[in-house]
Structure formats: C-alpha cells, structure tokens
Amino acid sequence: MKLYSATIPADALKVRSKTSYYARQKNLFVMLVIVISLTPLLVISWTSSHFYRQSWQKQTSLSLASLAESRKEVIDLFLSSQEDILSSLVALHSKAELEKPGALNKVFAAINSSKVIIDLGVIDESGRHLAYVGPFKQKLLDKNYGASPWFSEAMKNGRYISDVFEGFRGVPHFVVAVASPDRSWLLRATVNSELFNKLLESAEVGPGGDAYLVNIGGEFQTPSRLGLTALPKAEQAMLMQAGEGGDVHAWQNSLYATARLNNGAWLLVLKTDIDTSLKEFYQARNRDFVIIICAALIILVVSTVLIRTMVNQIEKADGQRIGLLNRIRQAEKMGLVGRLAAGVAHEINNPLQIIGDQAGWIDELLDDDRERQLENLKEYRNAAGKIRDQVKRASAITHRLLGFSRKESGRGLVDLNKLLDETVSFLENEARKHRILIRKNFSEIGQVFSDGAQLQQVILNILNNAIDAVGEDGAITVSTGRTADRLTIEFADTGPGLSGDDLKRIFDPFFTTKEKEKGTGLGLSISYSIMQRLGGEILARNGETGGSVFTVVLPAGKSTDTKSLPRGDISKGLCNE
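Heads up: the sequence shown begins at 1332 in this note's numbering, then just goes up one per residue.
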C-alpha cells in the first residue's frame, strides 16, 4: 500500500475576515472599472501629446540651428569688420604719423561714428603706448603690454581678437589688434561690449531660454540671460564636444544649438528650455486631461456607487445573518446552561439545607452537653462553624446558578443615576480599603423601563470584577450617556486589561481570570443572561490608555417626568438580592 503526504501552505489555513473579503471585492470591481474606462482615454491622450512634442522639438531644432548659423555669420562679420578697419588704418598711416599730437584723435573720430570702439591706441614693439585716445588715458598711457598674452599673439600672428578680460581698466572688455607688416608697432581698439552683447540679446530663444558666448575654457564672453556666472561642469563638457556649426543637442530637458566662431576660439550657445517653451501646450494638455478625467469620473462614480451599494447590501445581509446565528448560539448556550444550572441548584439546595440544619442541631446539642465537659468541645464548635460557612458559600453559588433561569421580576421606571449611586455606595468602603477611587461621571439620561433589582445585580458584578482587576491603588470611572435609541453605563478601570482570548470568552459560564478561590466564573455570565432578558447587552473592550472597559447598553424608551409617576414606581425593584 502506498502512502502519500502533502503539505498545505500556512496561508491557506488562515481565516479570512468577512470585512476584508468584501473590501477586496469592492476594490477589485472599482479597479476594473477604472482600468476599463481610463486606459483607452489615457492612451489616446498620451499618444497625441507625445507626437505633438516630437513634432515641436523637430521644428524647434531646425529653427534653433538656423538661428545659430545666422548669429554666427553676424558676429563673425562684426569681428572681421573691426579687424578690416584697423588693417586699413595700419596700411594708410605710419607709426610716425599716428604719434603726432591730435592725429590719432582725428582717425578715432572718423572710424567711430557708430560708437562701437571705446578707445584706440598705438603700441610699439616693446608694448609701450605711443599714442592713446579714449576715456582711460590716465590709467593706460604709461602702461606696458609687453607681457600681456594678447600683445604677444598680435605681434606673432599680425591680427588678434582677445577673450573678455578686465586688464588695467578693471572692467570686462575685449580688444582687436592689428600689427604692421614689419611688426614694429600695432594698432589696438577696445570694442564696446554693450553693443557687442546686443548682437545676441535679440536672438529669439523662447521664454526661459539663454544665448551667450563662451571661450574654449568655458568662460562667458557675453552675459547669460539667466544670470549664470559659470557653467556647470557637465554642461560645459557637453558643449565643448559640439561641432563646427548647426548642431542641436537635447540635454536635461533643454535644446542646445552651438556654432564655433572667431576661428574656433569662441562657442556660440543658443539654449531653449523645453518645459517653458511648451507651457501653453502643457496647459492645453492639462485641460484635456481634466476633461477626460471628469468624463471618466462620471462613469467611475456611477459605477462605484452601484458596486458599493450592491456589495454593501450583500455584506450587510451576510453580517446580519452571522450576527443572528451568533446570538442564537449564545442564547441556546445560555438557555441550556440555565436549565442545567436550575436543575443542579435545586438538587444541591436540599442536601445543603439538611447539612446546614444538622450543623445547627449539633451546635445546640453541644450546648446541652456542656455539663459533661467534653474534652474537644472547642474543636467541635469550630468544625460546626466551618460546616455552616461552607454551606453558605455553596448556597451562594447555587443562588447564582439560579440567576440563569430566573424569570423577570417586577419591572418599572428606573432612575439609572440614582440606582448607580445606591449601588456604588455598597462598595465604596471595600474600594477605599484598597485605595481605589470610584469616580462618577453622570449625565442627564432620564429613566428607563426595566428591572431595577436585576440591573443592580449586573452593576454589582461588574464593579466587583473591576475592584478585583485593579487590586490596589487605582481608579474606576462610572459614566452614563444617552443617545436617541439607547442608554449606556460605562465602567472603566485602571487594571491590566484583558487579553484577546479573554475578551472572546469573558461571558462564557465558569470562565474566570481570577484565582480559583476568588471566583466561580458565573458573575458575568449571569449578567449577560440578565441583559439579554432585559433587551440590552454588555460589551467588553480594552481602554485606549490601559485597563478594561465594560459598557451596559439598554434600549431607550420615552423619557418620563418623575412628578407624573405613580407613587412607588421610581424605585421599584431596587432592593439588593
């Protein structure tokens, strides 16, 4: 015979909560509706916006490349024209002519009608100023440029356009220098940087865009529209890899068009910010999204309401069914225990009565036999007393058992606050002995039609349990409240609280958390049975700050003015058993 074994996953053995099950069903149906309704709309919207963005980027790249090429030509033409002007002057005039007083002034006035050149100077082969015209005469006339990089380059190559630098002036500028054919002298002009910068300021690069010139070291030759003073290293590395012209790069959500000029010494950069340029497109797209989402939400809301309504109705019916079954099981259990308890109590009470009577009879006989001077008279009396004490204890237990099957006694209008005051007064001395404070937090709740004696028994049971739970040095708070359909009495203690298993079994007969000598486990079971008969219930839970909280709930009837009641109705049935 073959034997087979299998392992069942632990997850399969877990009890699934009905609430979580129905919550999952609702969420599943709602998610299906969302996916089915929104997916096609979102795909259409994303596809259209993606193709529009790609088309815009392609058109903008072409425009940006064309703009970069045109600006390159304009700037190169401007720089070449300045070089050509100086070359013409060097060819037409000798150093001796330009050194004469006033000669350089006339030349400067003739070539600078457009105010492009700030100053003009004649410098010999050693770098010394021979003649100068311009606003910096006091600073520059006695300066020697022999060690300046631009002077060496100009004397070597015959022509030179420098990077932007501050030099002896202390302000940013760049110079155009042309040397004589024999390199014996050169003519240097300082270009008006403001006029030069305007060649880029008019470039249409869109909102959030930028246009500037940088040298091969990444230093700005013209101001950045965005106020940048230095290029980030990553951006500089990307730009330095640009080609000779017409290249467009997409980098970090921006488009860059670059072009080399000034014989490759400078790089023209035109930058367009994609998000800023597409702001109106994004706004239109967002409006489309809003319209799509609103249309989808209408479908979603209607579907969600219908789904939740149907599932909630199913869940409610299922919950009512389970609750009814639980109540029926509890009622059947209590009824069975009640009938069993009544039979047992009646059967035990008779022999207990006989034992008690016989103990009393023995005590009387001992009184009659006192003259005989029994040797163990004291022990006999102690034994008879112990028998009577244990009979009383057993009788108390049987009386509690009878509480399961007790019929309703007299009902009447009960003032709950007054009943609580009287009941608490029974236990105040006991609580004070253990340094336990009983606080009363009563609200105006009126009266209820019920059985005062049985309610008092329930209250006594709960308070006794609370005192035992607190032990020493604590507090018990008794509060009352009323809503439209029920009255509540809440008992909150500062004890250790109840475990999860204890909360599930707290109302079961013969279940107790006390020591065996202190409790029989019938008090709360009897109280539960009493509240069932009175049309109310008892609820148990742990408090938020510790301890346990027991709540007695009674159905609220019509409130009645105590002045209009028949005499004796208010406190009817308030006697303690």
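Ideal placement from N, C-alpha and C gives every residue a C-beta, glycine not left out. Note that the structure is a prediction, hence the values are computed from the model and not measured.
- DSSP places SER1457 outside both helix and strand once states are collapsed to three, so it counts as coil.
- Beta-bridge partners assigned by DSSP to THR1811: ILE1820.
- Looking at the DSSP output, HIS1580 sits in a beta bridge with TYR1587.
- Exclusion of the five residues before and after ASN1792 leaves GLY1854, LEU1855, ILE1857, SER1858 as the residues of its chain whose Cβ lies within less than 8 Å of its Cβ.
- The beta carbon of THR1635 lies closer than 8 Å to those of VAL1361, VAL1364 in the same chain, with the five residues before and after it left out.
- Under a 10 Å Cβ-count criterion, VAL1579 is classified as buried, with 16 or more other Cβ atoms of the shown protein chains found around its own Cβ.
- For the options ALA1762, THR1603, PHE1881, ILE1623, the alpha carbon positioned closest to that of SER1392 is the one of THR1603.
- Look at the segment 1428 to 1457 and you find these whole runs of alpha helix (DSSP H), each 4 residues long or longer: 1434 to 1442.
- Judged by DSSP secondary structure, ALA1871 falls within the beta strand (DSSP E) whose first and last residues are 1868 to 1873.
- Listed in chain order, the non-local C-beta contacts of ARG1836 below 7 Å within the same chain comprise PHE1842, local neighbours out to five positions each way being set aside.
- Counting other Cβ atoms within 10 Å of its Cβ, GLY1783 reaches 16 or more and is therefore classed as buried.
- Remark: C-beta atoms of ILE1406 and LEU1592 approach each other more closely than 8 Å.
- DSSP, read as helix, strand or coil, puts SER1879 in strand.
- ASN1358 sits in a helix when the DSSP states are folded into three classes.
- ALA1887 is positioned such that its CB atom lies no closer than 8 Å to that of VAL1745.
- Going by beta carbons, GLY1828 and ASN1873 fall inside the 8 Å limit.
- One Cα belongs to ILE1375, the other to HIS1381, and the distance between them is close to 10 Å.
- PRO1554 is not bridged by DSSP to any residue.
- By DSSP's assignment, TRP1516 forms a beta bridge with ASP1455.
- In the three-state reduction of the DSSP assignment, GLY1828 falls in the coil class, being assigned neither a helical nor a strand state.
- Excluding its 5 nearest sequence neighbours in each direction, LYS1771 has C-beta neighbours in its own chain below 6 Å: VAL1809, listed in chain order.
- The three-state reading of DSSP puts SER1781 in strand, counting E and B together.
- A direct Cα-to-Cα measurement between GLU1761 and LEU1794 gives close to 11 Å.
- According to DSSP, residue pairing for TYR1543 in a beta bridge involves VAL1600.
- For ASN1488, the enclosing alpha helix (DSSP H) has its first and last residue at 1480 to 1488.
- Each residue's CA atom was taken as its position, placing GLY1743 and LEU1750 some 13 Å apart.
- Looking only at SER1397, GLY1877, GLN1385, the smallest Cα-Cα distance to PHE1612 is reached by GLN1385.
- A direct Cα-Cα distance of roughly 25 Å separates GLU1646 from GLY1831.
- By the 16-neighbour rule on beta-carbons within 10 angstroms, THR1814 is exposed.
- Taking 8 Å as the cut-off, the beta carbon of VAL1880 is found no closer than this to the beta carbon of GLY1867.
- If you ignore the 5 residues before and after ASN1475, its C-beta comes within less than 6 Å of the C-beta of GLY1458, ARG1459, all in its own chain and listed in chain order.
- Residue burial is scored here from C-beta neighbours: TRP1597 has at least 16 other C-beta atoms within 10 angstroms and is therefore classed as buried.
- Taking each of LYS1468, ARG1616, VAL1545, VAL1621 in turn and checking the Cα distance to PHE1499, the smallest one comes out for LYS1468.
- The distance from the Cβ of ILE1693 to that of ALA1715 is about 5 Å, consistent with a contact at the 8 Å cut-off.
- Annotation for GLY1854: the continuous alpha helix (DSSP H) segment containing it runs 1854 to 1864.
- DSSP, reduced to helix, strand and coil, places LYS1835 within a helical segment of the structure shown.
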